[in-house]
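Residue numbers (the numbering used here): 70 to 443.
Even for Gly, the Cβ is constructed at its ideal location relative to N, Cα and C.
Computed from a predicted structure; not experimentally measured.
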Amino acid sequence: MRIDAITLREVHMPLVRPFETSFGVTRNRRILLVEIQSEGLTGWGECTAGERPFFSEECTDTAWAVITQELGPMLAAESPEHGGECPRILRAVRGNRMAKAALENAIWDLEAQREGISLSKLIGGVQETIQCGVSLGIHESIPELLATIERELEAGYQRVKLKVKPGWDIEVLERVRSRWPEIVLSVDANSAYKLRDSDHLLEFDQFDLLMIEQPLWHDDFYFHSLLQKRLNTPICLDESIHNRRDTLAAIEMESCQIINIKLGRVGGFSEAIAVHNAAQERGVRVWCGGMLESGIGRSHNIALSTLEDFTLPGDVSASARYWAEDIIEPEVVVSKQGEIAIPDTPGRGYDVRTDLVEKLTVRKEQIRAMAVVG
Ligand code: OSB
Ligand code: MG
70 MRIDAITLRE VHMPLVRPFE TSFGVTRNRR ILLVEIQSEG LTGWGECTAG
120 ERPFFSEECT DTAWAVITQE LGPMLAAESP EHGGECPRIL RAVRGNRMAK
170 AALENAIWDL EAQREGISLS KLIGGVQETI QCGVSLGIHE SIPELLATIE
220 RELEAGYQRV KLKVKPGWDI EVLERVRSRW PEIVLSVDAN SAYKLRDSDH
270 LLEFDQFDLL MIEQPLWHDD FYFHSLLQKR LNTPICLDES IHNRRDTLAA
320 IEMESCQIIN IKLGRVGGFS EAIAVHNAAQ ERGVRVWCGG MLESGIGRSH
370 NIALSTLEDF TLPGDVSASA RYWAEDIIEP EVVVSKQGEI AIPDTPGRGY
420 DVRTDLVEKL TVRKEQIRAM AVVG
């Protein structure tokens, strides 16, 4: 595919309600969108980096710099036929996986359109609907959280994940479990605990949780394996898993029993598929995480979630939970059964509302094959 133009945009999108984790609060998203024109088709990608480097080392501004100065020019100089060629093309740059994923995923979108098949079909997806859960941030008070859970269960979501941290954990879980003894419940600590909190974490076992996500350090396998030996609740790793090798290490060391796959965190569809396959071959279940994406990143998450081993409900939920107005058409909707139906039109399956994107854009750069800097 000849690449005719790569455009990078930063769009500002206010969340309909703040989202608080153990590492901070997000109110307004600064999202980078990649638009690639190729032979009359347009592919879109989204960079899932946060506004500040608190989830991973990347943030909106580092991704802007790396895409405009390095990755964009590298890709613009090539004519990839397949999304799967992107890791090789972008290999010279270390890390910066969310920046790479924004470009690579746009190429996969283009490839699917060129082939006239859905992105789900292109990557080998087999599921026609996907199971949805919600990730609920730290709330002002327990009654407010209970009201939110009630609303989400009413909407049909199949699993509730609660963000936890020291001081917002045991009491919250007691109150939630006493009201809803049967719901599928999990927690995500985003690295809020230390190994010396092990005895405290063992108390989580009484709540029959589906999993506890990333209790310890963001870059750890070993101490999670020590914790998992003592804990009955399955550990799920998120932050620690960057690629297939990490997946093999985590499984080998028994650091986790479940893996959260995020397209941005692993660098795009190629590596996400490799992580999925490695986990599946070893009998480890996976699910698709979320990073407060706009409809573009969300459409990619939906396609990814159709791979066979995505057997647990993901953090992929309706557009309206995040945005007053999403930048895709139709918006992502979730049925009363808590499912998203997979579109079967070519490519990502949702149209981009380019007028709205233009209106939300605060900066825009056309990327050329020659590096602007260096
Ligand atoms: O750890 O899964 C996480 C959001 C931002 C950063 C990290 C995480 C999350 C979520 C939200 O849990 C998932 C979503 O609803 O998009
Ligand atoms: Mg997480």
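A heavy atom of ligand 2 is found nearer than 7 Å to the CB of residue 283.
Under the three-state reduction of DSSP, residue 208 is assigned to coil, being neither helix nor strand. Boundaries of the beta strand (DSSP E) harbouring residue 432: 430–436, taken from the DSSP string. By the Cβ criterion, the region 386–404 is not in contact with the region 176–183, since fewer than three pairs of Cβ atoms, one from each stretch, lie closer than 8 Å. Contact between residue 141 and residue 436 holds, with the beta-carbon distance rounding to 3 Å and staying under 8 Å. Residue 216 and residue 244 have their C-alpha atoms roughly 12 Å apart. When distances are taken from the beta-carbon of residue 307 to the heavy atoms of ligand 1, the shortest one is below 7 Å. For residue 169, the three-state secondary structure derived from DSSP is helix. The Cβ neighbour count for residue 358, taken over all protein chains shown within 10 Å, is at least 16; the residue is labelled buried.
Rounded to whole angstroms, the gap between the alpha carbons of residue 106 and residue 257 is 38 Å. Assignment of residue 392 by DSSP, reduced to helix, strand and coil, places it in the coil class. For residue 291 and residue 145, the gap between their C-alpha atoms comes out near 40 Å. Under the three-state reduction of DSSP, residue 108 is assigned to coil, being neither helix nor strand.
Distance between residue 75 and residue 104, taken at the CA atoms: about 6 Å. Relative to the non-hydrogen atoms of ligand 2, the Cβ of residue 289 never comes closer than 7 Å to any of them. Assignment of alpha helix (DSSP H) within the region 252–331, counting only whole runs of 4 or more residues, yields 267–271, 291–299, 313–321 in chain order. By the beta-carbon neighbour count (other beta carbons within 10 angstroms, threshold 16), residue 399 is exposed. The straight-line gap separating the alpha-carbon atoms of residue 206 and residue 135 is approximately 30 Å. Distance from the C-beta of residue 259 to the nearest heavy atom of ligand 2 is below 7 Å. Of the candidates 377, 365, 412, 365 places its Cα closest to the Cα of residue 82. With a cut-off of 8 Å on Cβ pairs, the region 277–291 is in contact with the region 315–327, counting three or more such pairs.
Per DSSP, reduced to three states, the secondary structure at residue 369 is helical. Here residue 298 has 323 as same chain residues with Cβ atoms under 8 Å from its own Cβ, once five neighbours each way along the sequence are excluded. For residue 355, the secondary structure class from DSSP, reduced to helix, strand or coil, is strand. Beta-bridge annotation (DSSP): residue 100 is paired with 80.
Spanning the alpha carbons of residue 116 and residue 312 requires a straight line of approximately 17 Å.
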